[in-house]
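Written out below as structure tokens is the structure these notes cover.
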Ligand SMILES: Cc1ncc(C[n+]2csc(CCOP(=O)(O)OP(=O)(O)O)c2C)c(N)n1
Ligand SMILES: [Mg+2]
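Chains as they are written, first to last, in this note's numbering: chain L, 1 to 163; chain Y, 1001 to 1584.
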């Protein structure tokens, strides 16, 4: 099952490599990984999506907790949560395709953030499934380049991940 | 406030931390530190002959004392030479601080002379590591390093120090912190009271209980409460390879080591148990055999300081995370309060069964090897060693058949006397480890049980023994082969001894020992074994290399039958080879 694990780590050099190293060292997989500093400059927040059995996920969270630089973590998928991913995608937009693509972008509530005579650059934010669906809708043939940010997420309601 | 250079602060911090001794080897990036060593006299330094030996010596210093070992190496090759020893300590959860020199901070990343990314290279085999970026931070980092190494589940910590951090001239305020707190690191200090009670109730209701205790009991200084609990309940105890000595090896409740080369009675008792009380042990694959066939009828209580060790390979029914000593003491207390006793009737049936197994298979009840052979049997060497040293020696070992024979035939009466690389299985560990032990226990009898293969991996340390007057005794079970490899080749590869023989190329170990200024003794006759060993241990202030020509064909038994073995029942803890021709 897919899991989203949010991790607060000390904003120290090497902290990220310890986390990433754990996954490769123990043969766990990372599907996506996002990292950025938080409002507290001594902390960074990582969001990791991974897949594994309950047993594997339990081991992953235990081993993450053992890393000295890891301050706190939560498995967002254990409760109600919001997950988002950002995608920038260059789509061929010539002739009749131009209107077609534009319509698709509107349906998916994306934005065209750059335009040339033959190319639209589209920004799309949402659940990863939605990004995948957009992909399908536009058709692989007209896609020139894609970049995805990886998943980031937060718990719903009053629950917060902080010190 | 006193003002010191980075190098002087480092040495002062080590002294204030209580470090008595550093095992190390100098080089360019560490020269400021070495100069600081020269200009003080609180911390001693032992100059080894290879950095691997520095790590093993510091590691064994720790294993035998409970203190944290310290070693110091230079950058690049010095640092990489330390890696094997760091990994060895990591696998066995040994507290150790490794200080490595690094190229100057403005050179890092330029492929400078003797530059290696030590923090990167060591990352998967350390508990934590630091790269010093500001000399003023040195005391605080040293404090944290020793705290991390020794607390929680212990392990090695690397402190990598760029050369400019220790330079003379620039001075900083020196203050050694008294306490340390890390918001991201809070190891458990007590076990969960409810779980502890549940565990005790399960134990008290057991009909066929067994205590399976590992190295964590030794690292956690919990031998006394473990022994008290086991004896109060009259429950059988088995130890892992790492746990030998955690429970008195000469006590009748002790079933010996379990696992791959464990005692039949210990493995049978595990397989047939209804409650397994695992403490400071990690259900290693060398213990469990195939996990899907592991102890089918048993409920499992698992106590460990490291939550990640619990339910890693075998699911625990009652997990308890906490320091083993406090958990055991809590259990003893609860036992008094519960006023419930074991089912003595069931227990006596259980003991009768165990004693029957012991009588039938126990290797210490009577020898199971050929006692009529002309050749000296490696097993009888260990038994003789036990007799000659009254079972009181510190025994280090290398890796191979000799290690297993030592574990089987030398019942350790106390914790911290059996010093071996269990997790990583590092050949070359024994001799430097013996140095670390002898350095810490100047008047103790220290023997290194080794093979002619392993001893050659750190043989250069004979020179260090000379320099520091470390009168260890090297008991080399010379079987003319990489015996354990050869045994596997005999058993699984049709007897094809691919690269496990030396073709008459072994050195004359007697002359070699003499070249280093030591005594060499060769034993090749069974009849002279005990007398010669007695003479060897009478030479209290000399290093003696005892080259013992043992039977070259001997295999280590008992041995668990792996689960893919085609010859019959396999994979569980009751499936064992008893000799070359017999099985359970
Ligand atoms: C550094 C290292 N290399 C290789 C091995 C694999 N290995 C395990 S036991 C062994 C043979 C050891 O020979 P010896 O020291 O003579 O001991 P014996 O088994 O003959 O008693 C080898 C090569 C190891 N454990 N460590
Ligand atoms: Mg050998």
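Glycine included, C-beta positions come from ideal geometry on N, C-alpha and C.
Interface flag, residue i vs chain L, CB-CB below 9 Å
i	result
residue 1308/Y	yes
residue 1414/Y	no
residue 1100/Y	no
residue 1409/Y	no
residue 1127/Y	yes
residue 1369/Y	no
residue 1123/Y	yes
residue 1131/Y	yes
residue 1216/Y	no
residue 1183/Y	yes
When the options are compared against residue i, the one with the closest alpha-carbon
i	options	result
residue 18/L	1127/Y, 1188/Y, 1455/Y, 1007/Y	1127/Y
residue 1376/Y	1147/Y, 1547/Y, 1403/Y	1547/Y
residue 1011/Y	1347/Y, 1167/Y, 1124/Y, 1192/Y	1167/Y
residue 1440/Y	1020/Y, 1115/Y, 1396/Y, 1184/Y	1020/Y
residue 1516/Y	1482/Y, 1103/Y, 1471/Y, 1163/Y	1471/Y
residue 138/L	116/L, 158/L, 99/L	99/L
residue 1588/Y	1199/Y, 1400/Y, 1337/Y	With chain Y covering only 1001 through 1584, there is no way to say anything about residue 1588/Y.
residue 1087/Y	1429/Y, 1539/Y, 1045/Y	1429/Y
residue 1247/Y	1177/Y, 1284/Y, 1187/Y, 1417/Y	1417/Y
residue 1061/Y	1039/Y, 1250/Y, 1395/Y, 1208/Y	1395/Y
residue 1283/Y	1502/Y, 1032/Y, 1309/Y	1309/Y
residue 1272/Y	1302/Y, 1354/Y, 1341/Y	1354/Y
Beta-carbon proximity list for residue i, same chain, < 7 Å, skipping 5 on both sides
i	result
residue 1258/Y	1212, 1238, 1240, 1266, 1267, 1270, 1287
residue 11/L	37, 41, 42, 43, 44
residue 1171/Y	1003, 1004, 1005
residue 1347/Y	1234
Residues near residue i in its chain [Cβ-Cβ closer than 8 Å; skip 5 each side]
i	result
residue 85/L	32, 125, 126, 127, 128, 131, 148, 149, 150, 151, 152
residue 146/L	87, 88, 89, 90, 135
residue 1159/Y	1097, 1098, 1099, 1100, 1129, 1130, 1132, 1141, 1142, 1145
residue 1179/Y	none
residue 1545/Y	1462, 1474, 1476, 1509, 1510, 1512, 1513, 1518, 1519, 1520, 1521
residue 51/L	1, 2, 3, 29, 31
Other residues of its chain near residue i: CB distance less than 6 Å, five sequence neighbours each side excluded
i	result
residue 1049/Y	1460, 1461, 1463, 1464
residue 1432/Y	1053, 1056, 1057, 1458, 1461
residue 1222/Y	1324, 1325, 1328
residue 1090/Y	1125, 1155, 1156
residue 1182/Y	none
residue 1065/Y	1440
Test item: CB-CB of residue i and residue j under 9 Å
i	j	result
residue 1056/Y	residue 1085/Y	yes
residue 1407/Y	residue 1555/Y	no
residue 1579/Y	residue 1557/Y	yes
residue 3/L	residue 57/L	yes
residue 63/L	residue 22/L	yes
residue 1453/Y	residue 1398/Y	yes
residue 1067/Y	residue 1024/Y	no
residue 1214/Y	residue 1330/Y	no
residue 1475/Y	residue 1364/Y	no
residue 1299/Y	residue 1275/Y	yes
residue 1374/Y	residue 1526/Y	yes
residue 1437/Y	residue 1473/Y	no
residue 1552/Y	residue 1487/Y	no
residue 142/L	residue 92/L	yes
residue 1400/Y	residue 1482/Y	yes
Residues bridged to residue i (per DSSP)
i	result
residue 152/L	84/L
residue 50/L	3/L
residue 1499/Y	Partner(s): none; residue 1499/Y has no beta bridge.
residue 120/L	91/L, 115/L
residue 1023/Y	1046/Y, 1071/Y
residue 1138/Y	Bridge partners of residue 1138/Y: none, in fact.
residue 1254/Y	1237/Y
residue 1212/Y	1238/Y, 1278/Y
Within-9 Å CB hit, residue i to chain Y
i	result
residue 97/L	no
residue 40/L	no
residue 17/L	yes
residue 11/L	no
residue 163/L	yes
residue 110/L	no
residue 78/L	no
residue 69/L	yes
residue 21/L	yes
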